[in-house]
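S.K.: Pasting a structure below so you can have a look.
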Amino acid sequence: MSDPSDITELLIRWSSGDKNALEKLMPLVERELHRLAHYYMRHEHIGHTLQTTALINEAFLRLVDQTRVQWQNRAHFFGIAAQIMRRVLLNYARDRHRQKRGGHAVQVSLSDVAIISDDKSAELIALDEALERLAEIDLRKTRVVELRFYGGLSVEETAEVLGVSTITVNRDWKMAKAWLSREIRNVL
Amino acid sequence: MSSDQWQRIEDLFHAASQLQPSDQLDYLKRESGDDPSLVAEVQSLIEASNDALLETPAVSLGFKVLSNISKPGALVGRTIGHFNVTKLLGAGGMGEVYLATDQKLERQVALKFLNRGFGNDEWLRSQLILEARAVAQLENQNICSIHGLENEDGQDFIAMQYVEGETLQSRLTLGPLSIDLALDFAEQIASALSAAHEHGIVHRDVKTQNIIVTPDDQIKVLDFGLAKFVKPIEQTQNTTELDQTSAPGILGTVAYMSPEQAEGEELDARSDIFSFGIVFYEMLAGENPFLRDNKSKTLEAIKNDAPDLELDLPRQLLNILKRCLEKNRNLRFNDARTLKSEITAFRRSREPSPFFTWVQSRNFKYVAAAAAVLLVVILASSAFVYQKTSSVHSIALLQIQNRSGDANLDYLSQGLTRSLFDKFSYLTRLQVKAPSTMPFDHEQNVDLGRAGRDLSVESVLSGELLKHDQSLLLRLSLLDTSNGGTKWQEEFNLDAANMFVLQDDITRKVVSSLGLWIIGGERKRLNKHQTDNDEALRKYMQGRQFAGLKRSRENLQKAIGYFEQAIELDPSFAEAYSGLSDCYAVMNNVANGPIAPSVAMAKARWNAQQALDLDDSLPEAHTSLGIVNLRFDWNWEKAESEFKRAIELKPVYAPAHFWYSNLLSALGRNDEAIIESTISKDLDPYSLLAEQNYGRSLYYARRTTEAQDYFANLISQNDQFLPFQHMMALVQLQLGHYQSAIDILERMRRNDPLYGTAALGYAYGRAGQPNKAQNILRELDDASNRDPVPPHEKAIVYIGMGDKDQAFNYLNQSLEQRFASMAFLNADPLYDDLRSDVRFRELEQRVGLSLP
Chain A
1 MSDPSDITEL LIRWSSGDKN ALEKLMPLVE RELHRLAHYY MRHEHIGHTL
51 QTTALINEAF LRLVDQTRVQ WQNRAHFFGI AAQIMRRVLL NYARDRHRQK
101 RGGHAVQVSL SDVAIISDDK SAELIALDEA LERLAEIDLR KTRVVELRFY
151 GGLSVEETAE VLGVSTITVN RDWKMAKAWL SREIRNVL
Chain B
189 MSSDQWQRIE DLFHAASQLQ PSDQLDYLKR ESGDDPSLVA EVQSLIEASN
239 DALLETPAVS LGFKVLSNIS KPGALVGRTI GHFNVTKLLG AGGMGEVYLA
289 TDQKLERQVA LKFLNRGFGN DEWLRSQLIL EARAVAQLEN QNICSIHGLE
339 NEDGQDFIAM QYVEGETLQS RLTLGPLSID LALDFAEQIA SALSAAHEHG
389 IVHRDVKTQN IIVTPDDQIK VLDFGLAKFV KPIEQTQNTT ELDQTSAPGI
439 LGTVAYMSPE QAEGEELDAR SDIFSFGIVF YEMLAGENPF LRDNKSKTLE
489 AIKNDAPDLE LDLPRQLLNI LKRCLEKNRN LRFNDARTLK SEITAFRRSR
539 EPSPFFTWVQ SRNFKYVAAA AAVLLVVILA SSAFVYQKTS SVHSIALLQI
589 QNRSGDANLD YLSQGLTRSL FDKFSYLTRL QVKAPSTMPF DHEQNVDLGR
639 AGRDLSVESV LSGELLKHDQ SLLLRLSLLD TSNGGTKWQE EFNLDAANMF
689 VLQDDITRKV VSSLGLWIIG GERKRLNKHQ TDNDEALRKY MQGRQFAGLK
739 RSRENLQKAI GYFEQAIELD PSFAEAYSGL SDCYAVMNNV ANGPIAPSVA
789 MAKARWNAQQ ALDLDDSLPE AHTSLGIVNL RFDWNWEKAE SEFKRAIELK
839 PVYAPAHFWY SNLLSALGRN DEAIIESTIS KDLDPYSLLA EQNYGRSLYY
889 ARRTTEAQDY FANLISQNDQ FLPFQHMMAL VQLQLGHYQS AIDILERMRR
939 NDPLYGTAAL GYAYGRAGQP NKAQNILREL DDASNRDPVP PHEKAIVYIG
989 MGDKDQAFNY LNQSLEQRFA SMAFLNADPL YDDLRSDVRF RELEQRVGLS
1039 LP
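These protein sequence lines are chains A and B, in that order.
Quick note: the first sequence, position 11, residue 11 per the numbering used here, numbers continuous.
Quick note: the second sequence, position 107, residue 295 per the numbering used here, numbers continuous.
Given below as structure tokens:
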């Protein structure tokens, strides 16, 4: 099922509104991101030339048959990657938080070499919860935050993904940042 | 909140943010109609908007987290405390073991980490501590000793003795052991278990994978990861803290479980005795007595089936086996010490009486006579040994034919051929002619007699895949070329076959049919499996199959897909990375793929490096890295050392010679290049690419008439293979036969428009037909609208037309984009017209080809 043509097909279907396609697509994209992440971290010492958004693009180039997709599909791909990043970070932060709460000072596996500080973990958890609430009020703003913050997309790219103008993205971003900051202040 | 309200808040927020802070309150009051809650809401937002939240995207953090979610081999290359992790030794369900250098003590150690995700963290941690404590108590030469329980960077791991050797499992893939060796091993295993049992430790996971055999046949029992302290029987009710560890689900490998383990009952030393019994049985009989098609059937067999003890073994030995394998633990040996003394006693009973006792018991006359007889026997056997060991047998392995009617199985016939060749090539007394490991070889139908004669070998191994009554069969025949007789023939059912077992089985049978046998060091290399994952191996075979078909975009893409799947299944499968590398390395020309050289080569390099990180002794990986250095880095020294290393590791690896010859041609070392291309061709007698490569090395050496004769001969045998035609056209151009070159190239172009266009333009230019050459230039431009066309293609046409300025212009572009062809700047006769120009020397310098 990881045949590139299938991923391409799924992406096209998701882009045109097929919700089921997303479910199948997510694990495939995540696996590729996982692989690339290993590559990136391993070779980080060689040079810091690799940009992380370039890695997502790399995942896109590797997984998707370029001759069959349009720019909208690429945008959707980035949207998926951003959602994956959001979930990965949340899970990680939660794990860490749980461990701390459980009082186990000693950590067990490599994943616990402090990549994320305790403060940052708490912030990520609070942010995620605030985003959930924001989604109920204004879904588009949540998407903007997802793409920009978790996906590392520029304003222009975000506009491309959501099919809105850059002015709208800028306004959404500013408002969402203010709103989320205030919500988090109340929690942290 | 209604969307109207929200919209209103947002509008006010944006508008007020534009104002001076001092004006904001008035504005908000006015605009909100003096709604205090609305004013407060917007004010709190404006205030919070200065927070630093979300300023740095989390994407790079996300990648860091992703990269740290453990994956086999993830630690290779890292330094953890004073340990420098160099290699993944093994990965299983429970954890990973790495080879590392202890930088303080400058010795090699094995580091054992437990996998996250196998249980909860606390449980894992307790397991690791338990194992360390258990083994630390045991000082036994048959137990791998522990250096310490370490904690670095917040993680626990065990540093333990690194033992070089192979697992008993891999040793047994070549069949059962002799009774004496099996007894020797059994005694050592029992000794290890006995030390554990005396300390109240039950291993709980005795199996052939957990037993290491060193090169001098010493046994080391590993992996007390499931070990459990047990209290003496009277105290078992009173469980201690240590005793309470229980793993989620059933632990241990199913096929070596005791009946009580299969039932999930409380275990004691007698469970280890049962598992030992299975291992012992396997050493003697070559197979696990309870292994069935699947887990549940295997468990059923363990619980209910009596082991087949109708073996051709001494009764006393069968009794020992029987007592180990009793379903009722009360009937087994009580512990390993009793077991060990039984084995020792039986071994002693088999030893012949010492010679001097025998001499003493007889008078001198008999002794003298007996001594003479002995001498004869010794002489005879040494002669026998001499004859056997000195004979080198030559064999040709033919491509296994897929006659199953299912083209999807091509990968299997080709992959099996390839891996059998790999296996055979490790046998020093077998001189193997390879079928083909390079592309374009697969549709050959070879007459066996002819093959044998052509290759001057003593035997020919041929095979075919067949479908028979829904079953997939592999039929192999070993033919004696001196008389045409069949030395051996057998059919293997592939439906449920494990590829590794199958290959080992075939190797063993062929070797013994040839009257040879496998010696110690060879066995070790033979048993080195590329991957333990059968499915990954099949994907890899499929990848190699597509990479080996006519090199085209579609095939290379497919190959890449398969290699990636193989890596998904087994991320430590070094050869799959090497396969990926080789695909990317040839993707940067018109016919093979629209990828820019820098992109293709970055991928090729990364994958080659990955393969080497995983297995530094892999000839395929060194070759892959050499290709990248030759075709992209233009680092000739590095490329040469990689090819040489590959050849040193595996002298019969044809692609290493193939690519090395290319390097030598590029460097103008033509005599050596011709030698290497000859070797590659000989190793790979059915590879058309290797044939082409040999002719090309003649062409590069300016031995043009020889090249002409050579290609004429090849084309007379195969007029379908375009690279031969292309080379012939280039040879014609060198000979000044422009029209003949044009005829060939025009004909080719009708078959495949991607082939030889530049050469045709050059030919028209030379033949004084500039209009037609211009047409070709336009065609190249058209093509470049669809896909990037390497600029030197146009340069070549301009050379033919005598336009040096344009030629240099485009050559410079190709050089900047680092197209592989630039490596052959010096070698390629097409550039001869430019050589006197100072600009050409600049090009040479930039490619690193000019002499200082």
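By construction, the Cβ of each residue, glycine as well, lies at the ideal position given by its N, Cα and C atoms.
None of these values were measured; they are calculated from a predicted model.
Using a Cβ cut-off of 7 Å (strictly closer), state whether Ile-125(A) contacts chain B.
M.R.: In the first sequence, residue 125(A) corresponds to position 125, counting from 1. No, Ile-125(A) does not count as interfacial toward chain B.
S.K.: Just checking: is the beta-carbon of Phe-306(B) within a distance shorter than 7 Å of some beta-carbon in chain A?
M.R.: Counted from its first residue, the second sequence places residue 306(B) at position 118. The pLDDT assigned to Phe-306(B) is 35, lower than 50, so where the model puts this residue is not dependable, and the model offers no usable value.
S.K.: For my contact list, Thr-168(A) and Glu-156(A) are in at a C-beta cut-off of 8 Å; report their separation, rounded to the angstrom.
M.R.: By 1-based counting over the first sequence, the position of residue 168(A) is 168. By 1-based counting over the first sequence, the position of residue 156(A) is 156. Incorrect: roughly 12 Å between the Cβ atoms, too far for contact.
S.K.: Spell out whether any CB of chain B is found under 7 Å from the CB atom of Gly-152(A).
M.R.: For this step, residue 152(A) is matched to residue 152 along the first sequence. So yes, Gly-152(A) belongs to the interface.
S.K.: Grab the span of the alpha helix (DSSP H) containing Phe-464(B) for me, first residue to last.
M.R.: For the purposes of this step, residue 464(B) is taken as residue 276 along the second sequence, with counting starting at 1. Phe-464(B) -> alpha helix (DSSP H) spans 457 to 473.
S.K.: For a contact defined as C-beta to C-beta under 7 Å, what are the partners of Met-729(B) on chain A?
M.R.: As a position in the second sequence, residue 729(B) is number 541, starting the count at 1. Residues of chain A passing the Cβ test: none, with the nearest at roughly 17 Å.
S.K.: Of the residues Leu-653(B), Gly-953(B), Glu-514(B) and Ala-374(B), which one's Cα is nearest the Cα of Thr-532(B)?
M.R.: Residue 532(B) sits at position 344 when you count from the first residue of the second sequence. Considering only alpha carbons, the answer is Ala-374(B).
S.K.: Leaving out five residues before and five after Leu-147(A) in sequence, what residues of the same chain have Cβ atoms less than 8 Å from its Cβ?
M.R.: In the first sequence, residue 147(A) corresponds to position 147, counting from 1. The answer, listed in chain order, is Phe-78, Gly-79, Ala-82, Leu-153, Glu-157, Thr-158, Val-161 and Leu-162.
S.K.: Can you name the residues of chain A whose CB is closer than 9 Å to the CB of Ala-236(B)?
M.R.: Against the second sequence, residue 236(B) aligns to sequence position 48. The contacting residues are Lys-177, Ala-178, Trp-179, Leu-180, Ser-181, Arg-182, Glu-183, Ile-184 and Arg-185.
S.K.: For the pair the region 978 to 990 of chain B and the region 748 to 767 of chain B, tell me if three or more CB-CB distances fall below 8 Å.
M.R.: No: the two stretches stay apart, fewer than three of their Cβ pairs being nearer than 8 Å.
S.K.: By the criterion of Cβ-Cβ separation under 8 Å, what are the contact partners of Arg-133(A) in chain B?
M.R.: Working through the first sequence from its first residue, we reach residue 133(A) at position 133. Near Arg-133(A) there are no residues of chain B at all, since even the closest Cβ is about 10 Å away, more than 8 Å.
S.K.: How about Leu-207(B) and Tyr-215(B): are their beta carbons less than 7 Å apart?
M.R.: For this step, residue 207(B) is matched to residue 19 along the second sequence. For this step, residue 215(B) is matched to residue 27 along the second sequence. In this structure, Tyr-215(B) lies closer than 7 Å to Leu-207(B) by Cβ.
S.K.: For Gln-296(B), which three-state DSSP category applies?
M.R.: Against the second sequence, residue 296(B) aligns to sequence position 108. In this structure, Gln-296(B) counts as strand in the three-state DSSP scheme.
S.K.: Name the one or two DSSP bridge partners that Tyr-765(B) has.
M.R.: Numbered from 1 along the second sequence, position 577 holds the residue referred to as residue 765(B). Per DSSP, none; premise fails for Tyr-765(B).
S.K.: Threshold first: 4 residues or longer. Then list the alpha helix (DSSP H) segments lying entirely within the region 885 to 928 of chain B, N to C.
M.R.: Complete alpha helix (DSSP H) runs here, min 4: 892 to 905 and 910 to 922.
S.K.: Tell me the DSSP bridge mates of Asp-192(B)?
M.R.: Translated into the one-based positions of the second sequence, residue 192(B) becomes position 4. Bridge partners of Asp-192(B): none, in fact.
S.K.: Output, in chain order, the set of chain B residues within a Cβ distance shorter than 7 Å of Gln-55(A).
M.R.: Residue numbering aside, residue 55(A) sits at position 55 when the first sequence is read from its first letter. The identity of residue 55(A) in the sequence shown is Leu, whereas the question assumes Gln. Phe-251, listed in chain order.
S.K.: So, for Arg-171(A): in the same chain, excluding its five sequence neighbours on each side, which residues have a beta-carbon less than 7 Å away from its beta-carbon?
M.R.: Within the first sequence, numbered from 1, the residue matching residue 171(A) stands at position 171. Closer than 7 Å at Cβ, skipping near neighbours: no residue.
S.K.: Considering Phe-846(B), what are the terminal residues of the alpha helix (DSSP H) in which it resides?
M.R.: Your numbering for residue 846(B) matches position 658 in the second sequence. Where Phe-846(B) is concerned, the enclosing alpha helix (DSSP H) starts and stops at 842 to 854.
S.K.: Expressed to the nearest angstrom, what Euclidean distance is found between the alpha-carbon atoms of Ala-135(A) and Glu-198(B)?
M.R.: In the first sequence, the residue the question calls residue 135(A) occupies position 135. In the second sequence, the residue the question calls residue 198(B) occupies position 10. Those two C-alpha atoms are separated by around 15 Å.
S.K.: Considering just the uninterrupted stretch of the alpha helix (DSSP H) at Asn-492(B), what are its terminal residues?
M.R.: Taking the first residue of the second sequence as position 1, residue 492(B) is located at position 304. Residues 483 to 492.
S.K.: What separation, rounded to the nearest whole angstrom, lies between the Cα atoms of Met-789(B) and Val-64(A)?
M.R.: The residue you call residue 789(B) lines up with position 601 of the second sequence. The residue you call residue 64(A) lines up with position 64 of the first sequence. Between Met-789(B) and Val-64(A), the C-alpha separation is close to 19 Å.
S.K.: With DSSP as the reference, label Asn-507(B) as helix, strand or coil.
M.R.: Walking along the second sequence from the start, residue 507(B) turns up at place 319. Three-state DSSP puts Asn-507(B) in a helix.
S.K.: With DSSP as the reference, label Met-936(B) as helix, strand or coil.
M.R.: Indexing the second sequence from 1 puts residue 936(B) at position 748. Helix at Met-936(B).
S.K.: In whole angstroms, give me the CA-to-CA distance for Ile-755(B) and Arg-726(B).
M.R.: Working through the second sequence from its first residue, we reach residue 755(B) at position 567. Working through the second sequence from its first residue, we reach residue 726(B) at position 538. Taking the straight line from one Cα to the other gives about 11 Å.
S.K.: Can you give me the Cβ contacts of Asn-476(B) inside the same chain, cut-off strictly under 8 Å, excluding the 5 residues immediately before and after it?
M.R.: As a position in the second sequence, residue 476(B) is number 288, starting the count at 1. Hits under 8 Å: Ala-443, Tyr-444, Ile-466, Tyr-469 and Glu-470.
S.K.: Against Lys-24(A), what residues of chain E qualify as contacts under a CB-to-CB distance less than 8 Å, listed in chain order?
M.R.: Protein chains in the displayed structure are A and B, and chain E is not among them.
S.K.: Counting pairs of beta carbons, one from the region 844 to 860 of chain B and one from the region 819 to 834 of chain B, are three or more of them closer than 8 Å?
M.R.: A contact exists between the region 844 to 860 of chain B and the region 819 to 834 of chain B.
S.K.: Can you give me, in chain order, the residues of the region 198 to 215 of chain B that have a beta carbon less than 8 Å from any beta carbon in chain A?
M.R.: Here the close residues are Glu-198, Phe-201, His-202 and Ser-205.
S.K.: Which chain B residues are close to Arg-31(A), counting only those with a beta carbon under 9 Å from its beta carbon?
M.R.: To locate residue 31(A), count along the first sequence from 1; it is residue 31. Glu-756, listed in chain order.
S.K.: Counting only Cβ-Cβ distances shorter than 9 Å, please list the residues of the region 78 to 92 of chain A near chain B, keeping chain order.
M.R.: Ala-81, Ala-82, Ile-84, Met-85, Arg-86, Val-88, Leu-89, Asn-91 and Tyr-92
S.K.: In whole angstroms, what is the alpha-carbon distance linking Pro-1017(B) and Leu-923(B)?
M.R.: Walking along the second sequence from the start, residue 1017(B) turns up at place 829. Walking along the second sequence from the start, residue 923(B) turns up at place 735. Taking the straight line joining both Cα atoms gives about 11 Å.
S.K.: For Met-989(B), which option in Ala-947(B), Leu-1013(B) and Asn-973(B) has the closest C-alpha, if you only look at C-alpha atoms?
M.R.: Taking the first residue of the second sequence as position 1, residue 989(B) is located at position 801. Taking only the C-alpha atoms, the option nearest Met-989(B) is Ala-947(B).
S.K.: Would you kindly work out how many angstroms separate the C-alpha atoms of Asn-721(B) and Gly-767(B), rounded to a whole number?
M.R.: Numbered from 1 along the second sequence, position 533 holds the residue referred to as residue 721(B). Numbered from 1 along the second sequence, position 579 holds the residue referred to as residue 767(B). Taking the straight line from one Cα to the other gives about 17 Å.
S.K.: Which of the three DSSP states is assigned to Ala-450(B) in this structure?
M.R.: Within the second sequence, residue 450(B) is the residue found at index 262, counting from 1. In the structure shown, Ala-450(B) falls within a helical segment according to DSSP collapsed to helix, strand and coil.
S.K.: Name the two residues that bound the continuous alpha helix (DSSP H) containing Asn-997(B).
M.R.: In the second sequence, residue 997(B) corresponds to position 809, counting from 1. Here the alpha helix (DSSP H) through Asn-997(B) covers 992 to 1004.
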